[in-house]
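In this note's numbering, the protein residues as written are 549 to 732.
Have a look at the structure below, then the notes.
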Ligand code: IMP
């Protein structure tokens, strides 16, 4: 059985995602033209977005990665976040753009921002591919770039997982309810 058979409906096709990323990358290239920003992304969800976004940016940048555990294997946020890999680079006086796959409650991004802000970057903003605004708890996040708004449904693909699967789908879609139910 193919992975895509578990998808109830596609929200964003591969073409739509790549188009949107090109537009976001053009904006970032303009806004950060003089600063050689550091793009920081969070493994593993933002892996594909970071790879495509960074390649579409036309100014000098550097990239770095953090890894956290957030949801465990469940589909609801606990708010508990643990840093399991820190950045390699120092960010003091750097212009930092946090590249996120999805902002849901905002608790994860809020934790990351507080961690990064304590290191005195020159600036710190967020670029997220997906925004599930309906579920936001922390509404003070500096989201400077946002790809798409998503409804309050559990989405997978293009880096987003359910129990570590579906990350490699090239599109973003909603899982069939029976797939989520079967995993419980
Ligand atoms: P937040 O802390 O509630 O904003 O959750 C952020 C993290 O939860 C994301 O980086 C994802 O790992 C995960 N997440 C939230 N919503 C979804 C979803 O619909 N599908 C897959 N992962 C999600």
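Idealized CB from N, CA, C, for every residue including glycine.
Please read all numbers here as calculations on a predicted model, not as lab measurements.
Near ligand 1: residue i beta-carbon under 7 Å from a heavy atom
i, result
"residue 697", "no"
"residue 518", "Residue 518 lies beyond the stretch modelled for the chain, which goes from 549 to 732, so this question has no answer here."
"residue 717", "no"
"residue 680", "yes"
"residue 702", "yes"
"residue 677", "no"
"residue 660", "no"
"residue 708", "yes"
"residue 593", "yes"
"residue 657", "yes"
"residue 554", "no"
"residue 600", "no"
Start and end residues, alpha helix (DSSP H) containing residue i
i, result
"residue 575", "562-579"
"residue 728", "725-731"
Closest by C-alpha distance to residue i, when choosing among the options
i, options, result
"residue 496", "645, 714, 725, 610", "Here the chain has residues from 549 to 732 only, and residue 496 is not among them."
"residue 688", "706, 669, 651", "651"
"residue 643", "615, 674, 636", "674"
"residue 613", "596, 605, 683", "596"
"residue 677", "723, 551, 698", "698"
"residue 593", "715, 566, 684", "715"
"residue 685", "661, 590, 656", "656"
"residue 554", "731, 730, 732, 724", "724"
"residue 648", "695, 562, 603, 662", "695"
"residue 639", "632, 661, 700", "661"
"residue 562", "718, 731, 549", "718"
"residue 663", "571, 588, 602", "588"
Close-in-space but distant-in-sequence residues of the same chain around residue i (CB under 6 Å, 5 per side omitted)
i, result
"residue 600", "569"
"residue 585", "609, 643, 645"
"residue 704", "710, 714, 723"
Beta-carbon proximity list for residue i, same chain, < 8 Å, skipping 5 on both sides
i, result
"residue 634", "614"
"residue 654", "684, 685, 686, 687, 689"
"residue 577", "605, 606, 607"
Contact set for residue i: own chain, Cβ-Cβ below 7 Å, skip 5 residues either direction
i, result
"residue 670", "641, 642, 643"
"residue 580", "607, 643"
"residue 665", "672"
Residue span of the beta strand (DSSP E) that contains residue i, given as start and end
i, result
"residue 612", "610-617"
"residue 676", "671-679"
"residue 693", "691-697"
"residue 649", "643-651"
"residue 586", "586-591"
"residue 665", "No beta strand (DSSP E) holds residue 665; the alpha helix (DSSP H) holding it covers 655-665."
"residue 595", "Careful: residue 595 lies outside any beta strand (DSSP E), inside the alpha helix (DSSP H) at 595-604."
"residue 632", "630-633"
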